[in-house]
Structure formats: C-alpha cells, structure tokens
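Chemist:
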Amino acid sequence: MKEKKRKPIGKRKEEVFFIISEIIAEKGLSEVSTTEVAKRLGVSQPAIYKYFKNKDEMIVYFLESLKKQLSEIIKKAKEEKSTEDRLRKIYTEHFRLIGRSKILPRVVFSDIVHMGKEEKKEKLREVIYMYKEGIKQILEEGIKKGELKPFDPEWGARFIIGTILQQLFSGCLMG
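With positions in the sequence shown counted from 1, the corresponding number in the working numbering is that position plus 187.
(1) Nearest to R199 by CA position, among V224, V219, L250, is which residue?
(2) Count the other C-beta atoms from every protein chain shown that fall within 10 angstroms of the C-beta of K194, then say buried if there are 16 or more, exposed otherwise.
(3) Between the alpha carbons of E305 and N241, how many angstroms are there, rounded?
(4) Taking Cβ to Cβ, would you say P337 is nearer than 8 Å to E327?
(5) Consider the Cβ of E280: report whether some Cβ of chain C lies at a distance smaller than 8 Å.
(6) L274 to G197, Cα distance in whole Å?
(7) Scan the region 204-265 and note each continuous alpha helix (DSSP H) run of 4 residues or more that stays entirely inside, going in chain order.
(8) Pick helix, strand or coil for E190, following the three-state DSSP scheme.
(9) Helix, strand or coil: how does DSSP classify P337 here?
(10) Quick one: grab the DSSP three-state call for V267.
(11) So K263 and E251 are supposed to be a Cβ contact under 8 Å. How far apart are they, rounded?
(12) From this set, I351, I207, G333, which residue's C-alpha is nearest K319's C-alpha?
And the structure:
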C-alpha cells in the first residue's frame with residue numbers, strides 16, 4: 188500500500204480557501220464546518236485541526252486570504268496608466284476572482300459574519316476598508332491628474348464597491 192504524501196501547509200490552506208468558497212457559494216457561510224471542509228478535501232476532520240484550531244480560525248484565515256486577493260487587485264490596477272484603465276482593471280480582476288471563488292457577496296451579506304464573533308466582523312471590516320481605500324486612492328489620483336472631474340472619492344469608492352456587490356449579489360439570488 189502506497190503512503191500518501193502530505194501536501195505543504197501553504198498548498199493545503201489554499202485548497203481550504205477554495206473549498207470554503209464552494210461551500211459559501213452553494214450553501215452560505217453558516218454551513219462552513221471543519222467536517223464539511225475535511226469531507227471535500229478527502230481527509231479526516233482531525234486532519235483539519237493541524238491547520239486550524241476551529242471553525243472561527245478557519246473563517247478568519249479565509250477572510251485574510253480574501254483580503255490578500257483584493258489587495259492584489261488594487262496593486263494590479265495601480266500598474267495601469269490611466270484612471271479609466273485602472274478602474275477597468277478593478278472590475279476585470281474582481282470578476283475574475285468571483286469566477287474562481289464565487290463568494291464575495293455571500294460573505295459580505297452573511298449573518299454569521301455580522302452576528303458572529305467580533306474577530307470575524309473586524310476582519311471583514313478590515314477587508315472591505317482596505318479595498319475601499321485602494322479604490323479611493325485611484326479616484327483621488329485620477330482627480331489630481333485631471334482625468335476625472337472633482338467629486339468625493341470616498342463616495343465614489345463606495346459606489347464602485349456597491350455596484351460590484353449589487354451585480355454579484357443579484358446574480359447569486361438569480362443563480
């Protein structure tokens with residue numbers, strides 16, 4: 188009998204991120220459990236505890252990974268020359284992320300995050316704030332360069348995030 192080779196921790200945690208994404212897309216964040224994640228990974232539930240102490244730690248890890256991915260979207264957008272291209276890149280990369288993970292609207296609108304432990308709520312606020320501030324900075328730079336007419340970049344960033352989430356949330360409800 189062949190002995191199974193263990194995957195590196197980073198690779199396994201990346202798999203956990205996408206497994207959690209699938210569960211959220213199918214059933215919602217409240218249905219994420221160490222049992223369900225283990226089942227989908229094809230490992231025993233105790234094996235999950237090698238990576239996470241409990242479900243809450245797993246969700247916080249998920250939100251931290253989401254933050255890194257959204258941060259990468261902002262970074263890629265800032266590489267573009269014009270404000271229009273930067274904003275287009277945000278939308279393109281954001282929808283690419285949703286295509287891979289299918290979860291952002293459900294996470295943002297999830298009762299378990301909003302009503303759950305403070306650590307999860309704070310982590311979600313941190314993710315959204317970081318993303319909003321990155322978009323706001325792009326808008327501010329566009330105004331300074333004269334590529335955009337003056338307006339309140341705070342509200343502009345909120346509007347952009349809101350339109351993305353509205354479109355995605357509507358898609359989740361319809362799909």
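Backbone N, C-alpha and C fix where the C-beta goes; we use that ideal spot for every residue, glycine too.
Modeler: Answer, in terms of the structure:
(1) Within the sequence shown, residue 199 is the residue found at index 12, counting from 1. Among V224, V219, L250, the Cα nearest to that of R199 belongs to V224.
(2) In the sequence shown, counting from the first residue as 1, residue 194 sits at position 7. K194 should be labelled exposed.
(3) Taking the first residue of the sequence shown as 1, we reach residue 305 at position 118. Taking the first residue of the sequence shown as 1, we reach residue 241 at position 54. Each residue's alpha carbon lies about 15 Å from the other.
(4) As a working note, residue 337 is residue 150 in the sequence shown. As a working note, residue 327 is residue 140 in the sequence shown. No, the Cβ-Cβ distance between P337 and E327 is not below 8 Å.
(5) In summary, chain C is missing from the structure at hand, where a single protein chain is found.
(6) For the purposes of this step, residue 274 is taken as residue 87 along the sequence shown, with counting starting at 1. For the purposes of this step, residue 197 is taken as residue 10 along the sequence shown, with counting starting at 1. Taking the CA atoms as reference points, L274 sits about 31 Å from G197.
(7) Within the region 204-265, the runs of alpha helix (DSSP H) that reach at least 4 residues and sit entirely inside it are, in chain order, 221-228, 232-235, 242-265.
(8) Position 3 of the sequence shown, counted from the first residue, corresponds to residue 190. A caution first: E190 carries a pLDDT of 46, below 50, which makes its placement in the model too unreliable to give a value.
(9) The sequence position of residue 337 within the sequence shown is 150, counting from 1. When secondary structure is reduced to three states using DSSP, P337 falls in the coil class, being assigned neither helix nor strand.
(10) Position 80 of the sequence shown, counted from the first residue, corresponds to residue 267. The question names Val, but residue 267 in the sequence shown is Glu. If DSSP states are grouped into helix, strand and coil, E267 belongs with coil.
(11) On the sequence shown, position 76 is the one that residue 263 refers to. On the sequence shown, position 64 is the one that residue 251 refers to. Contact flag wrong, Cβ pair sits at about 19 Å.
(12) In the sequence shown, counting from the first residue as 1, residue 319 sits at position 132. It is I351.
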